[in-house]
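Have a look at the structure below before the remarks.
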Amino acid sequence: MRTILLSALLAVGVVTSGQASELTPDQAKAREIFARVIAFKTEIGQGQVPVMAHYLADEFKTAGFPAEDIHIVPLGETASLVVRYRGDGRSHKKPILWMAHMDVVTAKPEDWQRDPFTLIEQDGYFFGRGTQDIKSGVALIAANFLRLKREHFVPHRDLVLVFSGDEETQEATIQDLVNHHRDLIDAEFALNSDGGGGTIDETGKPKIYGLQTAEKTYASFEITVRNPGGHSSLPRADNAIYELADALKKIQAYRFPVMWSDTTLAYFKASGAATPGAVGDAMRRFAANPRDEAAADVLNATPAEVGKTRTTCIPTLLRGGHADNALPQSATATVNCRIFPGVAVADVGKTLAGLVGDKAEVKVIGDPAASDASPLRPDVMAAVTDSVHAMHADVQIVPVQDSGASDGLYLRAAGIPTYGVSGMFIKDSDSFLHGLNERVPVQSYYDELDYWYRLMKRFGGR
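Below, the structure written as structure tokens:
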């Protein structure tokens, strides 16, 4: 019997350590979907995102969603999935988007303690690549669409599920939807599972919940120095590698101006009240007076906080030269910038060009998109607050700006306000997204299932 049970669990990609607690039918379905989507190797180059999209599409078809409301939109080796949950139109409002992404960062099984593509429940956690980023969001949003359909729920406006296929790499699928399939995703606003969320202290007590309203612009620049080169036995001062190093030292020494927004000031005020020591004091002082240079200096020296106070640029890649016995004819560095909302990419490029001088060429890589912060909508704040407090009463809800970037950046740039509203509560010490042995607490997963259900019912108008 144990062999039969283990075989059945492996068939859906789940291994359980210890006694599994009783699950409701809705929890069991959410767990089943979670296991199936973890099992798809949706890393870049595997071609598995469309396969996963078809699996999910079949789930929606079986549940009674009309085929014309289920769209798999291919793009190269990947794809996006859009599912429309039709409302009765009584609210006369545009749809709401419910977002996640199907792809994951590459995981090497030989480096993991457990198979990254099998959902394993052990010691109170679900382990597997994508458990936190962000196949949990895929499974929970999908499971709640299916649940509402089983309950014959009819929202007062359309609800639209949007799962992209390459958020971890090119983010081309969300751009394709915005630029070529706007009719499928046009909405009043979007709620993104790939942003926001709650933190738990090491004793298991909920600390704070961050509602993401803004993300910094991701833009990379190439800094290149060129030179005629020559024989390495005849060195001279105008060496491309030396000059590139000098240019990078100037970028290292420069600090972009301090900036702030309603979101960041609210964040520092709330976080300062809960943060001890010099950093907490600097947060409180900065929130009260963002022109306090001493407070800004403390935050600038704190890696987790510096991105919330200014644009940052840092070299991440180097290449140069062409032979051991030749003077370099060129040397290039990639400088990655995380740009404060509201600042133009071109303006950052001009700043870099001014720093490195005439000997170096500055060129932006690709066509990065910039977006402003989404407004603090009272209806979103109230709904998220109520849904969070149903899990953890009295946890403070704080607007946050992420230093990273998600698909939400492109929706904001297209005029669709986007809010990161993950319902996952997790300890900082348990956060291994993009790393080895990625995991989420089992209880947090099931709590988040109900969290999304409450949000959908509320925004559906009932």
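Counting from 233, one number per residue, gives the positions in the sequence shown under my numbering. Backbone N, C-alpha and C fix where the C-beta goes; we use that ideal spot for every residue, glycine too.
Expected contact under 8 Å - CB spacing of residue i and residue j to nearest Å
{"i": "P547", "j": "E420", "result": "Not quite, the Cβ-Cβ distance comes to about 41 Å (not below 8 Å), so this is no contact."}
{"i": "D408", "j": "I366", "result": "That belief does not hold up - the Cβ atoms of D408 and I366 are roughly 19 Å apart, past 8 Å."}
{"i": "H413", "j": "V305", "result": "6 Å"}
{"i": "G362", "j": "I276", "result": "At roughly 13 Å, the Cβ-Cβ gap does not stay under 8 Å, so G362 and I276 are not in contact."}
{"i": "A285", "j": "M334", "result": "7 Å"}
{"i": "V627", "j": "L443", "result": "Not really, about 11 Å apart at Cβ, beyond 8 Å."}
{"i": "F395", "j": "Y677", "result": "Not really, about 18 Å apart at Cβ, beyond 8 Å."}
{"i": "E399", "j": "S638", "result": "6 Å"}
{"i": "G360", "j": "P348", "result": "6 Å"}
Contact check, residue i vs residue j, beta carbons under 8 Å
{"i": "H753", "j": "S323", "result": "With the chain covering only 233 through 694, there is no way to say anything about residue 753."}
{"i": "Y642", "j": "A601", "result": "yes"}
{"i": "P673", "j": "T445", "result": "no"}
{"i": "R458", "j": "A472", "result": "yes"}
{"i": "E593", "j": "T456", "result": "yes"}
{"i": "Q364", "j": "S603", "result": "no"}
{"i": "A404", "j": "L307", "result": "yes"}
{"i": "K283", "j": "D301", "result": "For the record, residue 283 in the displayed sequence is Val; it is not Lys. Not in contact: V283 and D301 (Cβ atoms no closer than 8 Å)."}
{"i": "S635", "j": "G512", "result": "no"}
{"i": "V490", "j": "A528", "result": "yes"}
{"i": "F266", "j": "S368", "result": "yes"}
{"i": "W330", "j": "L416", "result": "no"}
{"i": "N424", "j": "G640", "result": "yes"}
Reduced DSSP category for residue i - H, G, I as helix; E, B as strand; rest coil
{"i": "E400", "result": "coil"}
{"i": "P306", "result": "strand"}
{"i": "K659", "result": "strand"}
{"i": "N669", "result": "coil"}
{"i": "E342", "result": "helix"}
{"i": "L242", "result": "Note that L242 has pLDDT 42, beneath the 50 cutoff, so the model's placement of it is unreliable and the number below is only indicative. Reduced to three states, the DSSP call for L242 is helix."}
{"i": "N424", "result": "strand"}
{"i": "N557", "result": "coil"}
{"i": "E447", "result": "strand"}
{"i": "S249", "result": "At S249, the pLDDT of 42 sits below 50, so the modelled position is not reliable; the number obtained from the coordinates is stated separately. In the structure shown, S249 sits in coil (DSSP, three-state: anything other than H, G, I, E or B)."}
{"i": "T650", "result": "strand"}
{"i": "Y317", "result": "strand"}
{"i": "E291", "result": "helix"}
{"i": "G574", "result": "coil"}
{"i": "L237", "result": "Bear in mind that the predicted position of L237 carries a pLDDT of just 38, short of 50, making it too unreliable to give a figure here."}
{"i": "K501", "result": "helix"}
{"i": "T435", "result": "coil"}
First through last residue of the alpha helix (DSSP H) which encompasses residue i
{"i": "V370", "result": "K367 to R382"}
{"i": "R551", "result": "R551 -> not in any alpha helix (DSSP H); beta strand (DSSP E) instead, spanning T544 to G552."}
{"i": "Y677", "result": "V674 to F691"}
{"i": "F266", "result": "P257 to A271"}
{"i": "T583", "result": "V577 to V588"}
{"i": "V511", "result": "G509 to A520"}
{"i": "D478", "result": "A472 to A485"}
{"i": "D415", "result": "R414 to I417"}
Extent of the continuous beta strand (DSSP E) run through residue i
{"i": "W330", "result": "I328 to H333"}
{"i": "Q354", "result": "L351 to Q354"}
{"i": "A563", "result": "S562 to I571"}
{"i": "V596", "result": "A592 to V596"}
{"i": "D634", "result": "Q628 to D634"}
{"i": "F297", "result": "It is not in any beta strand (DSSP E) - F297 carries neither H nor E in the DSSP assignment."}
{"i": "Y357", "result": "Y357 to F359"}
{"i": "I432", "result": "G429 to I432"}
Cutoff 8 Å: residue i Cβ touching any chain C Cβ
{"i": "Q259", "result": "Considering every chain present, this structure includes no chain C. It has just one protein chain."}
Could you say if the region 548 to 563 and the region 457 to 477 meet the contact criterion of at least three C-beta pairs nearer than 8 Å? yes
Can at least three beta-carbon pairs, one atom from the region 570 to 589 and one from the region 539 to 558, be found at a separation below 8 Å? yes
Any contact between the region 652 to 663 and the region 569 to 577? By contact I mean 3 or more CB pairs, one from each, below 8 Å. no
Would you call the region 368 to 375 and the region 674 to 686 touching, i.e. three or more CB-CB distances under 8 Å? yes
Contact between the region 449 to 462 and the region 497 to 506 is defined here as three or more beta-carbon pairs at a separation below 8 Å; is this criterion met? no
Given 8 Å as the limit, is there contact between the region 603 to 618 and the region 663 to 671, that is, 3 or more CB pairs closer than that? no
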